[in-house]
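In the working numbering, the protein residues as written are 5 to 304.
Here it is, written out as structure tokens:
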């Protein structure tokens, strides 16, 4: 549904995108993640036909961006980061206006789907941020596009509002839609995405399916607390174990990333027992997407 090769975007002397590659397959939910200012919105605006790239090839919904004269030629659903509506229009009027003749009887369906039937005759100007986001999602889907591009759809929402938006995104996949959405909230990606692309300082640093991430990058971490301050010599020797990948400290707690669970736990316990280190606790967890992202962007 989306193929991007060597995408560059310059704003005078500022290089916002530096050769981005991206592949979004039909029927999947793709999470495009990165810190604010990483290049997410610039990429999304180009893919939505709202901005021209400096260089690169982009095909969206089977159409090369170089062949379009108007963003509507892409036949996609698009939700900008901060959707704006005519404040004097009601919810129903907004969806009918944006849907046009194509929407037909879908207005009522969209109102029910996004949970705004009760507010069908309310003016949009009085809506909360969460209600505007749900209206924006409904507006993006009212013309029944096969592909939706959503820019930071859960940004600045409270936990309940975020949960509502993520539920709607997951339901889009059940409808057979393809969804690309950007976010800096990494836990959202873990909840609903099939594939993830990471961008930092205008460059793609990773693109993998969630299952590939879990297989290749998600590692066991042992959180270990000692009853006494850690001996620097002990920590140095610990780092030399072949099962240890990385060690970080949080106060008096060690976070030890290892290659596996069972063998590593035995080796760690034997290591501390041999050195008479009095452990207060040792617990196992898995690193999450946020920790992986911080690890990957560290060299940039």
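Note that CB positions come from ideal geometry on N, CA and C, so glycine has one too. All values reported here derive from a predicted model rather than from experimental measurement.
(message) As a quick exercise: from 65, 46 and 269, pick the residue whose alpha carbon is nearest that of residue 156.
(response) Closest in C-alpha terms to residue 156, from the list 65, 46 and 269, comes 46.
(request) For residue 257, name the three-state secondary structure that DSSP assigns. (result) When secondary structure is reduced to three states using DSSP, residue 257 falls in the strand class.
(request) For residue 165, name the three-state secondary structure that DSSP assigns. (result) Judged by DSSP in its simplified three-state form, residue 165 adopts helix.
(request) Could you tell me whether the Cβ atoms of residue 118 and residue 138 are closer together than 7 Å? (result) Contact flag set, yes.
(request) Enumerate in chain order the residues of its own chain whose CB-to-CB distance from residue 61 is below 6 Å, with the five nearest sequence positions on each side excluded. (result) Taking residue 61 as the centre and dropping the five residues before and after it, the same chain places the C-beta of 9 closer than 6 Å to its C-beta, in chain order.
(request) Between the Cα of residue 43 and those of 52, 19 and 33, spot the shortest distance and give me the residue it belongs to. (result) Nearest Cα to residue 43 within the set 52, 19 and 33: 19.
(message) Closer than 8 Å is the cut-off here; do at least three beta carbon pairs connect the stretch 276-283 with the stretch 206-219?
(response) Flag = no, the stretch 276-283 and the stretch 206-219 do not touch.
(message) I need the boundaries of the beta strand (DSSP E) containing residue 208, first residue and last residue.
(response) Per DSSP, the unbroken beta strand (DSSP E) holding residue 208 starts and ends at 207-213.
(request) Assuming residue 190 and residue 37 form a contact by the criterion Cβ under 8 Å, report the distance between their Cβ atoms to the nearest whole angstrom. (result) For a cut-off of 8 Å, the C-beta gap from residue 190 to residue 37 is around 6 Å, short enough to register as a contact.
(message) Count Cβ pairs between the stretch 260-270 and the stretch 243-250 that sit closer than 8 Å; are there 3 or more?
(response) Taking a cut-off of 8 Å for Cβ pairs, the stretch 260-270 and the stretch 243-250 touch, as three or more such pairs fall below it.
(message) Would residue 257 and residue 229 qualify as a contact pair, given that the criterion is a beta-carbon distance under 7 Å?
(response) Taking 7 Å as the Cβ cut-off, residue 257 and residue 229 qualify as a contacting pair.
(message) Let's see if you can read the secondary structure: which residues bound the beta strand (DSSP E) around residue 276?
(response) From DSSP, residue 276 is part of no beta strand (DSSP E) but of the alpha helix (DSSP H) over 266-278.
(request) Can you tell me which of the three DSSP states residue 204 falls into? (result) The three-state reading of DSSP puts residue 204 in strand, counting E and B together.
(request) Select from 89, 84, 102 and 50 the residue whose C-alpha is nearest the C-alpha of residue 78. (result) Comparing C-alpha distances from residue 78 to each of 89, 84, 102 and 50 shows the shortest one belongs to 50.
(message) Classify residue 353: buried if its beta carbon has 16 or more other beta carbons within 10 angstroms, exposed otherwise.
(response) Since the first and last residues shown for the chain are 5 and 304, residue 353 lies out of range.
(message) Using a Cβ-Cβ cutoff of less than 7 Å, which residues in the same chain neighbour residue 21 once the five nearest sequence positions on both sides are dropped?
(response) Excluding the 5 residues flanking it on each side, residue 21 has same chain C-beta neighbours closer than 7 Å at 11, 12, 13, 43, 46, 47 and 206, in chain order.
(request) Would you tell me roughly how many angstroms separate the C-alpha atoms of residue 6 and residue 68, rounded to the nearest one? (result) Counting only the Cα atoms, residue 68 lies some 10 Å from residue 6.
(message) Rounded to whole angstroms, what is the Cα-Cα separation between residue 304 and residue 183?
(response) For residue 304, the predicted model reports a pLDDT of 43, less than 50, meaning its position is unreliable; a value from the coordinates is still stated below. The alpha-carbon separation between residue 304 and residue 183 amounts to approximately 28 Å.
(request) Can you grab the Cα-Cα spacing for the pair residue 153 / residue 55, in whole Å? (result) As the crow flies, the alpha-carbon of residue 153 is around 14 Å from that of residue 55.
(request) Could you check if residue 268 is buried or exposed, using at least 16 other CB atoms within 10 Å of its CB as the buried criterion? (result) A buried status is given to residue 268, since no fewer than 16 other beta-carbon atoms sit within 10 Å of its beta-carbon.
(message) I'd like to check one pair, residue 213 with residue 195: are the Cβ atoms closer than 7 Å?
(response) For residue 195 and residue 213, no; Cβs fall outside 7 Å.
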